[in-house]
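Novice:
Protein chains in written order, with the working numbering: chain A, 551 to 1012; chain B, 2 to 1056.
1. Please say whether residue 172 of chain B and residue 501 of chain B have beta carbons closer to each other than 8 Å?
2. Does chain A have any CB closer than 8 Å to the CB of residue 921 of chain B?
3. Note down, one range per segment and in chain order, each beta strand (DSSP E) of at least 3 residues found wholly within the segment 303 to 362 of chain B.
4. Listed in chain order, which residues of the segment 587 to 619 of chain A have Cβ atoms closer than 7 Å to some Cβ of chain B?
5. On the premise that residue 821 of chain A lies in contact with residue 652 of chain A, defined as a C-beta separation below 8 Å, what is that separation, rounded to the nearest angstrom?
6. What are the residues that DSSP puts in a beta bridge with residue 808 of chain B?
7. Using the C-alpha atoms, what's the distance from residue 805 of chain B back to residue 357 of chain B?
8. Under the rule that 16 or more other beta-carbon atoms within 10 Å means buried, what is residue 115 of chain B, buried or exposed?
9. Only counting the same chain, and skipping five residues up and downstream in sequence, which positions put a Cβ closer than 7 Å to that of residue 953 of chain B?
10. When the Cα atoms are used, what is the spatial distance from residue 809 of chain A to residue 970 of chain B?
11. Can you give me the Cβ contacts of residue 995 of chain A inside the same chain, cut-off strictly under 8 Å, excluding the 5 residues immediately before and after it?
12. Just to confirm before moving on: does the CB-CB distance between residue 726 of chain B and residue 686 of chain B stay below 8 Å?
13. For residue 338 of chain B, does the count of other Cβ atoms within 10 angstroms reach 16, so buried, or fall short, so exposed?
14. Can you give me the start and stop residues for the beta strand (DSSP E) that residue 903 of chain B sits inside?
15. Would residue 630 of chain A count as contacting chain B if we go by Cβ distances under 8 Å?
16. With DSSP collapsed to three states, give me the class of residue 588 of chain A.
17. Show which residues of chain A have a CB atom less than 9 Å away from the CB atom of residue 878 of chain B.
18. Quick one: list the residues of chain A neighbouring residue 793 of chain B, beta-carbon separation under 9 Å, in chain order.
19. From residue 656 of chain A to residue 958 of chain A, what distance separates their C-alpha atoms?
20. Near residue 394 of chain B, which residues of its chain fall below 6 Å by C-beta distance, leaving aside the five closest residues on each side in sequence?
21. Listing by chain order, which chain A residues have their CB less than 9 Å from the CB of residue 387 of chain B?
22. Report back the beta-carbon spacing between residue 676 of chain B and residue 624 of chain B to the nearest angstrom; my notes put them in contact at under 8 Å.
23. From the DSSP output, read off the bridge partner residues of residue 480 of chain B.
24. Got a sec: which bits of the segment 881 to 901 of chain B sit with their beta carbon under 7 Å from any beta carbon on chain A, in order along the chain?
25. Put residue 413 of chain B into one of helix, strand or coil per three-state DSSP.
26. Suppose you measure from the CA of residue 302 of chain B to the CA of residue 622 of chain B; what does that come to, to the nearest Å?
27. Going by DSSP, name the residue or residues bridged to residue 659 of chain B.
28. Specify the secondary structure class of residue 1008 of chain B as computed by DSSP and reduced to three states.
29. For residue 973 of chain B and residue 874 of chain B, I'd like the C-alpha separation in whole angstroms.
30. Below 8 Å between beta carbons: does that hold for residue 833 of chain A and residue 812 of chain A?
31. Of all the residues that make up the segment 749 to 782 of chain B, which are near chain A by a beta-carbon distance shorter than 9 Å?
32. Could you spell out the range, first to last residue, of the alpha helix (DSSP H) harbouring residue 468 of chain B?
33. Along the beta strand (DSSP E) that carries residue 1119 of chain B, what are the first and last residues, could you check?
34. Give me the DSSP bridge partner(s) of residue 298 of chain B.
35. What number of angstroms, rounded off, separates the C-alpha of residue 205 of chain B from the C-alpha of residue 190 of chain B?
36. What do you get for residue 982 of chain A, buried or exposed, if any count of 16 or more other CB atoms within 10 angstroms of its CB means buried?
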């Protein structure tokens, strides 16, 4: 960060906490969002819309279970389509939370403090949306629900451990549980604050139970810090492993467009890219809605924009390498894969992807755009679209024309493909807004470490 | 109602009087009236105390009778199993019975697999000269036809269910009324007949009613061959080195196609030791599988075939009398073609053959015959024998004659048997309108179809698997049909129907056929009965048992000196009546020995014999009519297997399309699926178009069989597709082609569900092709087109195959793409029918597909090819030794067996579809929905009990017919021996007329498959991917004439 020579006199880093806040004002500001009977109209409207889509998801999944995968557009040769696209997309989005919480914590990036909580929540809900797809995309989910786990059974049958889908099961479930634990442990001191501040009897009991008897003693803090650091250490490799393993779903296959060594780093970069874009997409409106400009400052937004820009460039490098490999391998199938991506029937998807992920984010080089919330919001949205298209290109465009020309086909999504996809977005939004309603979306006690008083005890922070 | 009359009737009936339903018993008018009275009439009886008692009595009587009726039994008829005696019935072990499935009178000899009395699968009869074990796709689908729930089920009169006996008595009274005029008003309309016993019945009827007329009509009749000529050619391609087809699709269509294919491909089985093959030149008016197989193919308009043949005859030095039609001047290329072919034919005197197309006019046949005679081929590669049909007639004239008589009100009794003229008669005859003028119309058919709907009496026909019969094969071999199952419904055979008009109605089919051949055994009817090695049978019974067991009577082939089907009445029933026999002109016995004929003068298109052809044609296109390769003339429209069987070349399912050339498409701005209006001689039909490479530029080919309104639930056309009916355009003067067609783009689009969209190979050497010369010079040329990775290139430990190592080879030089293997696979493996919508989404379930490629290059290159080479490639599962599918399945539902099969464990499959994504051959099929029909009861009996019926959400695929492997394993183990080579025959292999598919144990170096795999032209599809496929292909070799095709500089594309 300090690579370019900056004169210390002239450079004052943008603050991560604006305004003149004390411990008291921070606690009051954040807890007032939850501990109130009144919610902004925007919250009610958004949650209601989200809930409508939750119901659409319910109908879609019920109909799916009733009729079978055939209600979607999947076919032979395109065995996977929206189902796995959505899975990878959501898993990718779920990467930012842990990255912000764990890696930035270990790197002592204090600007993470105000965004880590809801980024982690976002991770959890995205993983929940993602985890649904590997299950419902199977032909017989009632069996897939447990046959993919290595449970003891009378037939002595194990899962087939060479299959990346089994690795997926372990990777995603590990990631999901560690993320949940990490999030919950981080919540405990704040839950205790809520327990103490809540007026409602039921809320007091509930927060009290969840706070696990936190009293804020030094011993508690000492144990807490140790546990949190340990979890951060455990989460860090997961950030890299989950999407690496998800990328194995493709790179282990022999299909041109899938079978490439670039996939793990390229997928991880893409995941962080998508994750940060989603954090931006959520943070910008929430910050405005709840008047949190002091806590989520322009510096936060700018930093996230920078991460988005950098990971976006990595992703573009991945696209370039795919094309380079295709040419350099001199393999007719690989070459055709790129020709088909760029000029075939789904070329529109590829070029839209290049625009969304390659061209549009380059505006972030400009500081005035990085600090303009409207611009940032739309760039982040476009990146989310682009990342969805990236998975469409990788999955559908590679599958629809593979080795034997006679088997080439086309894929057209049906209304049920869309309803399931938008249903998961509805689920995500609903869960996110319920979270905002009942839990502190910004870590109170960590924010308090940012006020000037906190610095008195020592230069190293906490 | 006189209930006592019913009782007395029951009491009076002797033990032989069986009645199978209420309708049959209800033989009195009162009873019938009661049955069919509407409710209000019965209601009136409630008010009258006496009437009510009567009503209740009747009610109980009818209930009781209904109960008795349920106990219907079929009279016992002895049938003889082919392989084992009936006492050998072991549950779970099928029996095989020889029989035949006739099409248009010609027998397709078969062995029918019967599981506990249920016919489930059809194989060819390996001993029969017309089959040699093969069948075509249509015959494969006959079992589904048997169990079709939409079949006509009983006898009806004006849609009221009635009894067969009622019909018999009604006919006797109708006949009695005709007695005075000697049957002046009686007309029969049937398909041409080859069955000697049926011919005899028909002759008997015509003897009794000398002025009755018998019309024959097969809409797909090979008009050029047999209609007006009393002889027909029987080819022996196994003796021919050079074959010229004049618009002849002899490998695909026609009664002898199976045998012809086998003989033809046997002459092109190139091995490392024998690098010679025959050469086929095809001149054709529309792309066919035969043309696809040709070493040289020349697309011409159908009307140019005759001038072409004439030009060729001139070049070959055959003197042509008469003036040639003023054909167009031949281009330089065509002249070169003519000269080269004439030279090649001349160089192979006695070892060449010229084959005229079945749909070409007689003049072309005469020219072909003259050429064959001049080339000394008659007697070696072709023999001209009397027609197999009894009393061959000009069928188009025959039905036109009938239509005229119907219109004039001369027809009091019309019996239609096995023909659906309302749908299939030439459109200018307006058959449906005229049918209304017939006094009494009787229809006999498998379905309540368009014609049945307009006839008074409907008699449900028996399916060929339900009845006896003795149709003849293409070469005249009498083929014995035996019933595999008692009629599922109240069907009646053709014999029983015609018998109803004789003096002894009510005789049973089995008795009729057996009695005929018993008499024939004693020397009547002109037959000489000998065993296959020329011995005499000890008794008529021994002869009959042998004939039923073998499925045919040896020595009855016309080529073996058998007689033409006689048309002589049977012996009179009792006192011989002195009726003058109908003068029947027997065809000359030895037509083959006639002196060579001079070439007849060119025939002008005959002036329309039918009365009304209104309107003039302004178009300048030529229309070509062809039977549909799967639903034929529409009679198989209700057969889901055939509807879903991708049609050769286009791979279209469920619909028909007009074939147009790229050039014509460009002129009219047409894409595949655009609906055009076809205007031809005042008639209008519509059809979606398909651009077919190799189609002559100004010809449009349309196929019969679609647009049916009363085919059944599967085959009925929608409102839109009802117009896609080629019969609307067919006139009686030009049954197979004509000029004056105009096409008009309508702007409508129609969804065509094709299983293959991309017909260019994109330079991928999917089918490896070389010419014979190249291959002889560089035998490694085939291997050079790919790259086999070293065996060390795998992470996982090698499988060890210590016992068996199953493998398959498919010879692409032999395969001509008929798709019978696909139909056989469907029948053997309980493969569900998914319907057009699912096919259009790419979800067909066929485990085995036949890919067709028009070009080895890219799609863009194909655009510019007017006459591309065409290749067919059957693709079953490759059973890879390093299977990509197995590695990625998370639940081990697809696993490698110890014998190298890539097994699919349906019960374990959860349906992630990853295996299919990772399968480079895309041979896996997924049950996206519940495709298996679990509700239609009659289809339950159809299923192969050895194969699991798959449910929703499960992946499935070819397993090399693992059920047959296991069966052989059990047999071998029980007999304490090893499995013999050739003992296991997969369903696709068994059916293949080209013998292109060979299966066996690769661990046995002496096995046929191991030897074929060692051939230099053996290659694995995509073997570069290190999948080590167990199914390998033998490269497609072509044998072009060096005078016409200079050896190309070949650049091998592999690395």
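Don't be surprised by glycine CBs; every beta carbon is placed ideally from N, CA and C. Predicted, not measured: the structure shown is a model, and the values here were computed from it.
Specialist: On the basis of the coordinates in this document:
1. Residue mapping note: residue 501 of chain B aligns to position 500 of the second chain, counting from 1. Residue mapping note: residue 172 of chain B aligns to position 171 of the second chain, counting from 1. It is a contact, given that the beta carbons lie within the stated cut-off.
2. Translated into the one-based positions of the second chain, residue 921 of chain B becomes position 920. Interface residue, yes.
3. 353 to 357
4. Residues 617, 618, 619.
5. For the purposes of this step, residue 652 of chain A is taken as residue 102 along the first chain, with counting starting at 1. For the purposes of this step, residue 821 of chain A is taken as residue 271 along the first chain, with counting starting at 1. With 8 Å as the limit, residue 652 of chain A and residue 821 of chain A do not qualify as a contact, their Cβ atoms being about 14 Å apart.
6. Translated into positions along the second chain, residue 808 of chain B becomes position 807. According to DSSP, which records beta bridges pairwise, residue 808 of chain B is partnered with B/1001.
7. Start at 1 with the first residue of the second chain, and residue 357 of chain B comes out as number 356. Start at 1 with the first residue of the second chain, and residue 805 of chain B comes out as number 804. Between residue 357 of chain B and residue 805 of chain B, the C-alpha separation is close to 47 Å.
8. Position 114 of the second chain, counting from 1, holds the residue named residue 115 of chain B. With 16 or more other Cβ atoms inside 10 Å of its own Cβ, residue 115 of chain B counts as buried.
9. On the second chain, position 952 is the one that residue 953 of chain B refers to. Contacts found: 928, 930, 931.
10. In the first chain, the residue the question calls residue 809 of chain A occupies position 259. In the second chain, the residue the question calls residue 970 of chain B occupies position 969. Near 40 Å, if we compare the C-alpha coordinates of residue 970 of chain B and residue 809 of chain A.
11. In the first chain, residue 995 of chain A corresponds to position 445, counting from 1. The answer, listed in chain order, is 739, 740, 743.
12. Working through the second chain from its first residue, we reach residue 726 of chain B at position 725. Working through the second chain from its first residue, we reach residue 686 of chain B at position 685. Yes, the Cβ-Cβ distance between residue 726 of chain B and residue 686 of chain B is below 8 Å.
13. Within the second chain, residue 338 of chain B is the residue found at index 337, counting from 1. The residue is buried, with at least 16 neighbouring Cβ atoms inside 10 Å.
14. Here residue 903 of chain B refers to the residue found at position 902 of the second chain. Note, residue 903 of chain B: beta strand (DSSP E), 903 to 905.
15. Within the first chain, numbered from 1, the residue matching residue 630 of chain A stands at position 80. Output row for residue 630 of chain A: interface = yes.
16. Start at 1 with the first residue of the first chain, and residue 588 of chain A comes out as number 38. In the structure shown, residue 588 of chain A sits in coil (DSSP, three-state: anything other than H, G, I, E or B).
17. Here residue 878 of chain B is taken as the residue at index 877 of the second chain, counted from 1. Here the premise fails: no neighbours, minimum Cβ distance about 13 Å.
18. Here the question's residue 793 of chain B lines up with position 792 in the second chain. Chain-ordered listing is empty here: chain A has no CB closer than 9 Å to the CB of residue 793 of chain B, the nearest sitting near 18 Å.
19. Taking the first residue of the first chain as 1, we reach residue 656 of chain A at position 106. Taking the first residue of the first chain as 1, we reach residue 958 of chain A at position 408. When rounded, the distance between both Cα atoms is 49 Å.
20. Taking the second chain and counting its residues from 1, the one referred to as residue 394 of chain B is at position 393. 217.
21. Within the second chain, numbered from 1, the residue matching residue 387 of chain B stands at position 386. Close to residue 387 of chain B, with beta-carbon spacing below 9 Å, lies no residue of chain A; the smallest spacing is near 45 Å.
22. Sequence index remark: in the second chain, residue 676 of chain B carries index 675 (1-based). Sequence index remark: in the second chain, residue 624 of chain B carries index 623 (1-based). Wrong, their Cβ atoms sit about 16 Å apart, outside the cutoff.
23. By 1-based counting over the second chain, the position of residue 480 of chain B is 479. In the DSSP assignment, residue 480 of chain B forms a beta bridge with B/553.
24. 885, 888, 889, 890, 891, 892, 893
25. Working through the second chain from its first residue, we reach residue 413 of chain B at position 412. Three-state result, residue 413 of chain B: coil.
26. Translated into the one-based positions of the second chain, residue 302 of chain B becomes position 301. Translated into the one-based positions of the second chain, residue 622 of chain B becomes position 621. The alpha-carbon atoms of residue 302 of chain B and residue 622 of chain B are separated by roughly 10 Å.
27. Along the second chain, read from residue 1 onward, the residue named residue 659 of chain B stands at position 658. DSSP output for residue 659 of chain B lists B/690 as bridge partner(s).
28. Here residue 1008 of chain B refers to the residue found at position 1007 of the second chain. Residue 1008 of chain B falls in the coil class under three-state DSSP.
29. As a first step, residue 973 of chain B is located in the second chain; it is residue number 972 there, counting from the start. As a first step, residue 874 of chain B is located in the second chain; it is residue number 873 there, counting from the start. Approximately 33 Å, taken between the alpha carbons.
30. Numbered from its first residue, the first chain carries residue 833 of chain A at position 283. Numbered from its first residue, the first chain carries residue 812 of chain A at position 262. No, the pair does not count as a contact, with Cβ atoms beyond the cut-off.
31. 756, 757, 758, 759, 760, 761, 762, 763, 764, 765, 767
32. As a working mapping, residue 468 of chain B is identified with position 467 in the second chain. Counting along the chain, residue 468 of chain B falls outside any alpha helix (DSSP H), and DSSP gives it neither H nor E.
33. Any answer about residue 1119 of chain B is impossible in this case: the structure gives chain B only from 2 up to 1056.
34. The residue given as residue 298 of chain B occupies position 297 in the second chain. Partner(s): B/283.
35. To locate residue 205 of chain B, count along the second chain from 1; it is residue 204. To locate residue 190 of chain B, count along the second chain from 1; it is residue 189. Roughly 16 Å separates the two Cα atoms.
36. Within the first chain, the letter at position 432 stands for residue 982 of chain A. Buried, since its Cβ has 16 or more Cβ neighbours within 10 Å.
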